[in-house]
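First the structure, in the form of structure tokens, and then the observations on it.
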Amino acid sequence: MQTATVDQAAGSRALAASQIGAAVEHELRAAQFIDIHTHLYMPSLGPVGLWGIDNLVTYHYLEAELFRSSTIQPAAYWQLSQREKADAIWKALFVENAPVSEATRGVIAVLQAFGLPTESEDLREARAFFAAQKLPAHIRNVFKLAGMSEAVMTNDPLDPAEAPEWLKGAEPDPLFHPVLRLDRILNKWADHWQILAGQGYQVDAQATGKSTAEVRRFLADWHARMKPVYMAVSLPDMFQFPEDSLRGRMLAEAVLPACREFGIPLSLMIGVRYLVNPALKLAGDAVGKADLRAVEYLAREYPENRFLISVLSRENQHELCVYARKFANLMPFGCWWFLNNPSIVEEMTRERLEMLGTSFIPQHSDARILEQVIYKWRNTRRTVGPILANAYRLLAEDGRAVTRADIQRDVARLFRGNFEKFTGMKKQ
Ligand code: HDL
Ligand code: ZN
């Protein structure tokens, strides 16, 4: 028999309840995921991309944990070199204490993946290993270890380090998809409108007159340059829409029409309380429960727009599932930031499966450092596998045979197809 025929026969055979767990594990491991939100960068954008052990160990999640397990104060920490910071974190969180938090254990998983020692007193051997890596080959190896085919980036047209690389004409990269990030326009207009004015866009501090039309022209110019798969913004827990505010007008008059014109979704990541502890810098943000009636209004009043939605508060998750049942132009995605812990990923994924079937996007890595995708996707497969298997076992118990082909199709939809169709990367 042809291999394909054997596969088809095997794929279409009903699985015994005892086979379902292993089948789900296999299909999750075999599938190549799209990582739909990261802070990774294609190498053609120059040195903005972070990778290697010192960046891994000084991840802002670990900096927050350092100050709870060391006497060092933030002001003194920020004076250190990056190596000294990494040494301080390694000593406090990995040597003097067991690295049992999600973020610390993740570094251990990365070291293990490269066959590096995980119990050293220092980072000498790891530093030598990463220093010997050549980035393009290292990226391909890391993506292979993570079981992902592509990473979706976060690209900021007003970032002084990144924007010049785009203006020079950064070469597109099939492993990376651009995203047009809007935080500096929508949340920090006062600090950035003069940059647009300096580039010839007729905007002013209060965004009066032609300002929103000119922002729309700015978005069109960067859409042509970046070819983003979606536009994105992070929003505070107090976000309201509609709102008679500069952000409200920018969204209604520039961003939403631009997304419709270009046929791409808008990603709203809602629920951040920015810099509750400014001394911690990037690690200083916290979480707040949002009023999701803003999402309800957007989905209902802008039916031609599509919205990728991730909310930061655990308390908002169930109502987001309910809204997703009401509006097919909402796509819940990921277990974002403080939610990306197995105890909460399990709860969120179960309620999403129970209420949305396979019509949502379970996870993104939010990786800031390249090698983090190795542990973030290992943890997702480890947590989501048993949940999917349980759903199939219940289905079999209630009278519908489950096949390997079912599982393969559903895993592909959850971790690739929903995103490809929602963004138009793949036609419906
Ligand atoms: O705004 C965002 O995209 C967030 O993901 C922030 O980057 C946050 O600091 C983060 O890294 N979360 O994982
Ligand atoms: Zn992010």
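The sequence shown stops at residue 815 when you use our numbering, and every number in between is there. Yeah, the Cβ is synthetic: ideal placement off N, Cα and C, and Gly gets one too.
DSSP places Ile-651 outside any alpha helix (DSSP H), giving it a letter other than H or E. In the DSSP assignment, the residues bridged to Pro-623 are Val-659.
Comparing alpha carbon positions, the residue from Arg-527, Ile-651, Gly-635 closest to Trp-438 is Arg-527.
For Asp-543, the CB stays at least 6 Å from every heavy atom of the ligand ZN. Fewer than three beta-carbon pairs drawn from the segment 503-511 and the segment 529-540 are found closer than 8 Å, and the two stretches are therefore not classed as touching. For the 7 Å CB-CB criterion, Cys-722 and Val-732 form a contact. Annotation for Asp-793: Tyr-779 place their beta carbon closer than 8 Å to its own, counting only its chain and skipping 5 residues before and after. Check the Cα spacing between Leu-643 and each of Leu-606, Leu-679, Gly-675: the tightest is with Leu-606.
Secondary structure at Arg-693: coil, using DSSP grouped into helix, strand and coil. Between the ligand ZN and the CB of Asp-753, the shortest heavy atom gap is smaller than 6 Å. By the criterion of a C-beta distance shorter than 6 Å, Pro-544 is surrounded in its chain by Ala-550, Trp-609, once the five residues flanking it on both sides are discounted. Pairwise C-beta distances place the segment 752-765 out of contact with the segment 473-487, as fewer than three of them are shorter than 8 Å.
For the pair of segments examined, the segment 624-632 was found to touch the segment 662-682: the number of CB pairs separated by less than 8 Å reaches three. Excluding sequence positions up to five before and after Leu-449, its CB lies within less than 6 Å of the CB of Ile-476, Ala-490, all in the same chain and listed in chain order. Boundaries of the beta strand (DSSP E) around Val-539: 535-539. By the Cβ criterion, the segment 587-594 is not in contact with the segment 553-565, since fewer than three pairs of Cβ atoms, one from each stretch, lie closer than 8 Å. Take Arg-737, set aside five residues on each side of it, and the residues of its chain with a beta-carbon closer than 7 Å to its own are Ile-774, in chain order. At a cut-off of 6 Å, the beta-carbon of Trp-764 does not count as near the ligand HDL: no heavy atom of the ligand is closer than that. If you keep only unbroken alpha helix (DSSP H) runs of at least 4 residues inside the segment 752-808, you get 759-784, 791-799. DSSP, reduced to helix, strand and coil, places Phe-720 within a strand of the structure shown. Between the ligand HDL and Ser-431, a heavy atom-to-CB distance of less than 6 Å is absent.
Checking the DSSP bridge columns, you'll see Leu-437 partnered with Ile-756.
Here Ala-670 has His-447, Glu-450, Ala-451 as same chain residues with Cβ atoms under 6 Å from its own Cβ, once five neighbours each way along the sequence are excluded. With 16 or more other Cβ atoms from the protein chains shown falling within 10 Å of its own Cβ, Asp-797 counts as buried.
When the five nearest sequence neighbours on each side are left out, the beta carbons in the same chain lying within less than 6 Å of the beta carbon of Gly-408 are those of Ala-776, in order along the chain. Proximity of the beta carbon of Ser-654 to the ligand HDL is not indicated: no heavy atom of the ligand is located closer than 6 Å.
In this structure the segment 632-647 touches the segment 595-603; the number of beta carbon pairs closer than 8 Å is three or more.
Ranked by Cα distance from Leu-427, the options Thr-770, Leu-757, Arg-787, Ala-403 are led by Leu-757. For Ser-488 and Asn-664, the gap between their C-alpha atoms comes out near 21 Å. Taking Arg-571 as the centre and dropping the five residues before and after it, the same chain places the C-beta of Leu-545, His-579 closer than 6 Å to its C-beta, in chain order. A direct Cα-to-Cα measurement between Leu-782 and Ala-397 gives close to 19 Å.
Around the beta carbon of Ser-730, a 10 Å sphere encloses fewer than 16 other beta carbons of the protein chains shown; the residue is thus reported as exposed.
Taking every protein chain shown into account, the CB of Glu-414 has 16 or more other CB atoms within 10 angstroms, so this residue is buried. For Ile-421, the enclosing beta strand (DSSP E) stretches over residues 420-422. For Asn-542, the secondary structure class from DSSP, reduced to helix, strand or coil, is strand.
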